[in-house]
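In the order they appear, the protein sequences are chains S and U.
Taking my numbering, I'd label the letters of the first sequence as residues 192 to 356.
Taking my numbering, I'd label the letters of the second sequence as residues 273 to 780.
Below: the structure, in structure tokens.
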Amino acid sequence: MDSRKDLILALAIIVLGIAVIWIAHSWPEPLIRDAVGPRAFPYGLGLLFVVGGAFVIVQRVRNMNAAGGYLLPDEGEEEEEGVPASGLRALTLMGLCALYTFALNPIGFVIATPPFIALSLLLMKENKPVLVVLTSLIFTAVTYLIMHTLLGGRLPPGLLEGMLP
Amino acid sequence: MDFLTPLIGGVMVLDSWTIWLVILFGTIIGVIVGALPGVGATMTYGMLLPFTFTLDTEIAIALLLSISVGNQFGNSIPAILMGIPGSPSAILSVIDGYSLHKKGESGLALAVAWIAAMAGQAISILLFVMMVVPLMAMAYYFGQPEQFALFLLGIIAIASMTGDNVVKGLIAAGIGFLIGIVGIDPNSPLGRFTFDHAILRAGFDVAPVMIGLLALSELFRSARQVFRWDARIDTETAAKFPALWRLKETIWPIITGTFIGTFISAIPGAGGTPSSMVAYQQAQLFAKRPEEFGKGSIEGLAANEAAQNASNSGEAAPALALGLPTSGSMVLLLAALTIHGFVPGPNMIRQTPDLFYAAIGGMLGATVILTLSGWYLGLGMLRLINVNRSIVIILSIATVLIGVYSLSNRIFDVWVVLACGVLGYYMSRYGYSVAAAALAVVLGRQLERSLRLGLNLTDGDVVAFLSRPYTGLFVAVTIVFLAIGIYRTVQMRKKIRAKAAEAAAVTS
Chain S
192 MDSRKDLILA
202 LAIIVLGIAV
212 IWIAHSWPEP
222 LIRDAVGPRA
232 FPYGLGLLFV
242 VGGAFVIVQR
252 VRNMNAAGGY
262 LLPDEGEEEE
272 EGVPASGLRA
282 LTLMGLCALY
292 TFALNPIGFV
302 IATPPFIALS
312 LLLMKENKPV
322 LVVLTSLIFT
332 AVTYLIMHTL
342 LGGRLPPGLL
352 EGMLP
Chain U
273 MDFLTPLIGG
283 VMVLDSWTIW
293 LVILFGTIIG
303 VIVGALPGVG
313 ATMTYGMLLP
323 FTFTLDTEIA
333 IALLLSISVG
343 NQFGNSIPAI
353 LMGIPGSPSA
363 ILSVIDGYSL
373 HKKGESGLAL
383 AVAWIAAMAG
393 QAISILLFVM
403 MVVPLMAMAY
413 YFGQPEQFAL
423 FLLGIIAIAS
433 MTGDNVVKGL
443 IAAGIGFLIG
453 IVGIDPNSPL
463 GRFTFDHAIL
473 RAGFDVAPVM
483 IGLLALSELF
493 RSARQVFRWD
503 ARIDTETAAK
513 FPALWRLKET
523 IWPIITGTFI
533 GTFISAIPGA
543 GGTPSSMVAY
553 QQAQLFAKRP
563 EEFGKGSIEG
573 LAANEAAQNA
583 SNSGEAAPAL
593 ALGLPTSGSM
603 VLLLAALTIH
613 GFVPGPNMIR
623 QTPDLFYAAI
633 GGMLGATVIL
643 TLSGWYLGLG
653 MLRLINVNRS
663 IVIILSIATV
673 LIGVYSLSNR
683 IFDVWVVLAC
693 GVLGYYMSRY
703 GYSVAAAALA
713 VVLGRQLERS
723 LRLGLNLTDG
733 DVVAFLSRPY
743 TGLFVAVTIV
753 FLAIGIYRTV
763 QMRKKIRAKA
773 AEAAAVTS
């Protein structure tokens with residue numbers, strides 16, 4: 192684990208804690224009598240984030256000093272051994288999902304889904320064009336049929352409004 | 273309620289072809305996802321949960337629990353035949369099951385896994401009823417203080433037990449609370465963290481948040497690595513069912529494994545993996561041939577398999593009886609119930625016993641299906657290892673996004689699931705327990721409400737609030753869990769320091 196990233200995350204948690212306390216402080220006093228009040232929980236959470244984040248930072252710095260470097264044993268989920276992992280790939284996939292979500296309403300499910308799946312498969316190093324195209328099209332068609340005929344749901348029609356069954 | 277009524281109620285649930293078809297579908301899906309390494313019950317719950325909205329509540333519960341039953345059997349198949357556990361709870365199946373396979377005893381290993389899974393599941397349903405009925409009776413005495421202490425216990429237990437660092441576990445639970453309290457304050461008309469956006473005034477729907485934190489995050493994490501499961505294994509095997517006398521020595525380990533699996537998995541923060549480990553260790557203590565453990569012991573395999581399936585019943589008991597889930601899949605089960613308008617808590621099944629009967633019916637039906645088809649399903653699953661992992665991951669992500677959209681036809685929900693997926697990804701990468709965060713989202717709002725209503729009733733007197741018998745008991749157990757979490761964190765720090773010193777000595 193790269194401790195520097197863990198430190199940045201802990202700092203972000205402290206900032207979140209301060210923001211939570213700040214926002215909660217701006218709320219008006221409740222008109223109804225309340226032993227605890229609406230601010231107490233957010234104050235507690237803010238305090239937990241500030242103190243907890245600071246604790247993680249101190250813990251990390253001490254461990255880094257003891258280890259003589261920033262690489263420490265993982266605290267998170269383990270991965271498959273012997274297979275290189277790419278954070279950039281996961282991040283790009285998240286970006287593709289965000290683009291898909293943006294496109295879903297204006298373009299519609301039927302048009303937006305095949306390119307999303309095809310690009311995601313290419314990102315996962317799936318380079319057989321026939322497999323990529325067929326998977327994208329079949330998934331889109333099957334999902335559309337299941338949602339519309341079996342479950343009676345409505346997927347965003349987008350540009351094909353009024354043209355789909 | 274007596275013990276017989278729920279069993280009869282459970283059998284009565286199975287009175288239509290529709291429910292049998294749903295359970296058959298759930299069991300087969302469960303076995304398939306169990307056999308696929310990296311795709312577990314929690315992820316499957318996440319994918320199917322939005323679609324359960326269209327089903328009757330009882331059918332939805334039966335479907336979800338039948339997936340768990342199939343999953344705990346399915347995860348052992350690749351463990352035995354390929355040395356790859358389908359999910360973490362099958363890790364011990366690799367040790368003895370794969371050793372048996374290498375000795376040419378694949379049939380024996382698969383038969384033990386199948387029979388132990390079936391028997392463990394069937395017996396544990398009786399134990400499930402025996403646990404839930406008294407818990408339901410206990411719920412009569414639950415007021416706001418007891419409910420607060422119970423929910424606090426559940427969240428602290430998961431925060432303490434599901435990671436190596438209790439502080440990160442507590443921060444994770446805090447993040448879950450924060451997501452949960454967005455919206456109108458439960459005791460006043462004040463909007464909290466709504467930033468004057470109308471859509472935030474009702475708060476976040478539980479289902480998209482849960483699916484994002486528990487399922488989508490895991491899919492993003494899986495996408496970090498590109499590899500094929502079938503690249504290094506021989507999927508050809510010829511397994512024959514062994515002579516029955518060879519299975520005689522598994523009877524006792526199955527019984528003890530079932531009891532251990534049921535009761536340990538009911539402890540908040542424990543779940544299927546620790547319970548199967550304890551069952552395995554206990555079986556070794558009383559085994560006829562303890563020296564065979566780790567080298568192909570059918571006693572060890574039987575205890576572990578029985579405990580894994582029994583954990584389905586154990587995990588469901590506190591989730592349904594008290595509204596206190598002890599695993600990711602049970603958090604999602606409660607999320608499914610919230611979609612159907614139920615409020616998780618100690619009074620849920622007391623007021624709606626049909627939910628209890630549906631759970632029994634679902635597990636019972638899945639056990640029957642596993643009994644009739646488990647052996648052939650097991651052998652058939654071998655071919656699944658040829659399934660392209662990248663396609664599974666990408667299509668699962670697309671299913672999650674579309675499934676969440678279909679819940680309320682709102683793009684906002686898709687953004688929520690995506691944001692929670694990204695949040696969960698980073699949390700699990702850096703050791704912040706997503707299970708604790710997810711549980712805090714489900715229970716946080718009610719926990720705050722119970723505390724505030726309870727303290728209003730005692731006129732703000734904290735001592736009166738905490739000194740009620742059950743409340744005091746739950747708070748004491750919470751402190752014990754917190755102490756265990758602190759101890760584990762200290763041990764982890766010592767381990768890190770020792771490793772660091774070792775590495776420094778090598779470089780110098």
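Note that beta-carbon positions come from the ideal geometry of N, C-alpha and C, so glycine has one too.
It should be emphasised that the depicted structure is a prediction, and the values quoted were computed from it without experimental measurement.
Within 8 Å of chain U by C-beta, residues of the region 266-294 of chain S in sequence order: 266, 267, 268, 270, 271, 274, 275, 276, 277, 278, 280, 281, 284, 285, 288, 289, 291 and 292
- prompt: For residue 720(U), which of 417(U), 278(U), 704(U) and 391(U) has the nearest alpha-carbon?
  reply: 417(U)
Nearest candidate by alpha-carbon position, reference residue 283(U), set 316(U), 350(U), 398(U) and 304(U): 398(U)
Inset, instruction - Go ahead and pull the three-state DSSP assignment for residue 415(U). - result: coil
| query | Can you list, in chain order, the residues of the region 204-229 of chain S whose Cβ is nearer than 9 Å to any Cβ on chain U? | reply | 204, 207, 208, 211, 214, 215, 218, 219, 221, 222, 223, 224, 225, 226, 227, 228 and 229
Using the beta-carbon count (16 or more within 10 Å), is residue 500(U) buried or exposed? exposed
**Prompt:** Hey, quick one: how far does the alpha helix (DSSP H) through residue 497(U) stretch, first residue to last?
**Reply:** Here residue 497(U) belongs to no alpha helix (DSSP H), and DSSP marks it neither H nor E.
field: Inter-residue Cα distance where the pair is residue 718(U) and residue 420(U)
entry: 8 Å
- By a C-beta neighbour count over all protein chains shown, 10 Å radius and 16 as the cutoff for buried, is residue 470(U) buried or exposed? exposed
- Task: Let me know the alpha helix (DSSP H) ranges lying completely inside the region 526-577 of chain U, each 4 residues or longer, listed in chain order.
- Result: 544-557
Beta-carbon proximity list for residue 765(U), same chain, < 6 Å, skipping 5 on both sides: none
Contacting residues, own chain, Cβ-Cβ under 6 Å from residue 707(U) (five flanking each side not counted):
430, 434 and 600
Please work out which residues of its chain come closer than 8 Å, Cβ to Cβ, to residue 722(U), disregarding the five sequence neighbours upstream and downstream, and give them in chain order. 416, 417, 419, 420 and 423
Exercise. Mind checking which residues open and close the alpha helix (DSSP H) that includes residue 666(U)?
Key: 661-680
> Checking contacts by CB at 7 Å: is residue 499(U) closer than that to chain S?
Replying inline: yes
**Q.** Minimum C-alpha distance to residue 686(U) - residue among 292(S), 346(S), 351(S) and 240(S)
**A.** 292(S)
Could you tell me which uninterrupted beta strand (DSSP E) segments, each at least 3 residues in length, are contained entirely in the region 202-266 of chain S, listed from first to last along the chain? none
ask   = What are the boundary residues of the alpha helix (DSSP H) that includes residue 278(U)?
value = 276-285
* To do: Could you say which of 365(U), 393(U) and 603(U) lies nearest to residue 571(U) if we only look at CA atoms?
  => 365(U)
**Asked** For residue 427(U), which of helix, strand or coil comes out of DSSP?
**Response** helix
- Which residue or residues does DSSP assign as beta-bridge partners of residue 456(U)? 463(U)
Here's the rule: buried if 16 or more other CB atoms are within 10 angstroms of the residue's CB, otherwise exposed. What is residue 751(U)?
exposed
Contact between the region 359-373 of chain U and the region 563-578 of chain U: three or more CB pairs below 8 Å? yes
- prompt: Can you name the residues that DSSP bridges to residue 276(S)?
  reply: 497(U)
From the DSSP output, in three-state form, read off residue 706(U) for me.
helix
(Q) For residue 647(U), report the span of its alpha helix (DSSP H) as first-last. (A) 625-652
Can you tell me which of the three DSSP states residue 715(U) falls into? helix
### Query
Could you check where the alpha helix (DSSP H) with residue 330(U) kicks off and where it finishes?
329-346
Output needed in chain order: residues of the region 434-446 of chain U with a Cβ under 8 Å from some Cβ in chain S. 435, 436, 437, 439, 440, 442, 443 and 446
- Proximal chain S residues relative to residue 732(U), where beta-carbon distance stays under 7 Å: 226
task: Compare the Cα-Cα distances from residue 474(U) to each of 401(U), 484(U), 462(U) and 482(U) and report the closest residue.
output: 462(U)
_Neighbour flag for residue 316(S) against chain U, beta carbons, 7 Å_ = yes
Practice task
Pick helix, strand or coil for residue 356(U), following the three-state DSSP scheme.
Solution key: coil
At 7 Å on the CB atoms, spell out the chain S contacts of residue 412(U), in chain order. Ordered by position in chain S, no residue passes the 7 Å Cβ test against residue 412(U), which lies about 25 Å from the chain.
- Query: What whole-angstrom Cβ distance do residue 331(S) and residue 312(S) have, given they're in contact under 8 Å?
  - Reply: The pair is not a contact, with the Cβ atoms about 13 Å apart (cut-off 8 Å).
Just the chain S side, please: which residues come within less than 7 Å of residue 495(U) by C-beta, in chain order? 280, 281, 284 and 315
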